[in-house]
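Quick note: the sequence shown uses this note's numbering, first residue 27, plus one each step.
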Amino acid sequence: MFPRRILSMLLPAALLAAGCLQVEISIKMHQDGSATIDERVHLSRELLELDRRLDREPKAEELVGRANIDRRAEQMGEGVVVESHDIERGEDGSIEARTVYRIPDIEDLRLVNPYLAHDRVGRVMRIRFSPMYERRSGWHRVGHLAMSLVTAEEAPPLPEGIEEAPPASTPAELQTLRDLRPVFADLLSDSEVTIRITYPDDSEHDGTGTIVLFSFKGDDLDAHGRHFLENEEVMLRIMQLDFEAGIIRNHIHGGRRRPTGPTFRGRWYASGRFVIPPTEHLFDKYFKGRPRSQGGDRPD
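Take a look at the structure:
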């Protein structure tokens, strides 16, 4: 019999990877404190056909339908509205849904934890801004904000029959995962998931800064210029859902250079802080009335 604890590790990944799944989420901050969330979800014909054969509800096609989009908007934060929602059916049997949400205050936004290597997958997170009034270390910039994702709500319980299993440890379990590696690498080869935040930044040539919270593409190269999914040891850790493993860190980092390939943020890679200039709204909220030496607009 297939070991149950291996099944409990692989089933969530299999449901995400089967067929071709593409998800692109872009959170755009505005000067007035609001944010626009652009979401694109592409479901391949293969994924839809597999989903129809599975005895589970709701079906993938229903998840991108307007009724479910409206329910999700209610869970994304106070004041979220759906500005547009379009579904395009491809000649190849695929479905692509594009949705635009808007929220009056980005600090009210709720999103699912994008940090596979940090904290429980499925936990609801929120954005927190911390003003920098003085320089305390090399990464501090007076007048800027430290932006981080923090827990907003506890993660929901795992579906019945799925356990939070420890990594496989016996030789037989590890060999089973190695045997399945080519299958999962093939399933993931056409998948693509990206979550990013953009913010106004006059220092950038296009006036916009970007932070990639999570990124994975099936054809990504690793830090050494090889296909990420072809590395047997990396795939073994992915199949164990052990995204904090050192071998994964070594293959998405090129020493101190910018990472290549996937972006999996964790305790070892800038999960806790990003430094951004304040928008007009955030300046008024955190800096207005303070002395210039603290980043404000009042003489010292």
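Glycine residues also receive a C-beta, built at the ideal position from the N, C-alpha and C atoms.
At the C-beta level, P157 and L135 stay beyond 8 Å of one another.
For R263, the enclosing alpha helix (DSSP H) begins and ends at E258 to M265. Sequence-distant Cβ neighbours of I237 in its own chain, meaning closer than 7 Å and more than five residues away, are R222, I223 and F300. In the same chain as T234, and ignoring 5 residues on each side of it, the C-beta atoms closer than 8 Å to its own belong to T224, Y225, P226 and D227, in chain order. Counting C-beta pairs closer than 8 Å gives three or more between the stretch 90-104 and the stretch 122-142, which meets the contact rule. By the C-beta density criterion, A198 is exposed, having fewer than 16 other C-beta atoms within 10 angstroms. Excluding residues up to 5 positions away in sequence, K85 and A86 lie with their Cβ nearer than 7 Å to the Cβ of D77 in the same chain. About 17 Å separates the Cβ atoms of V260 and F240, ruling out a contact at the 8 Å cut-off. Per DSSP, G272 lies in no beta strand (DSSP E) segment; the continuous alpha helix (DSSP H) that holds it begins and ends at G272 to I278.
With respect to the C-alpha of I264, the residue from D232, K311, R204 and G321 having the closest C-alpha is R204.
The continuous stretches of alpha helix (DSSP H) do not include P226, which lies in the beta strand (DSSP E) extending over residues E218 to P226.
If you ignore the 5 residues before and after E306, its C-beta comes within less than 6 Å of the C-beta of Q57, all in its own chain and listed in chain order.
Apart from sequence neighbours up to five positions away, the residues of its chain that approach I113 with a beta-carbon distance below 6 Å are A123, ordered along the chain. CA-CA distance, V209 to D216, rounds to 13 Å. Judged by DSSP secondary structure, Q320 falls outside any alpha helix (DSSP H); it is assigned neither H nor E.
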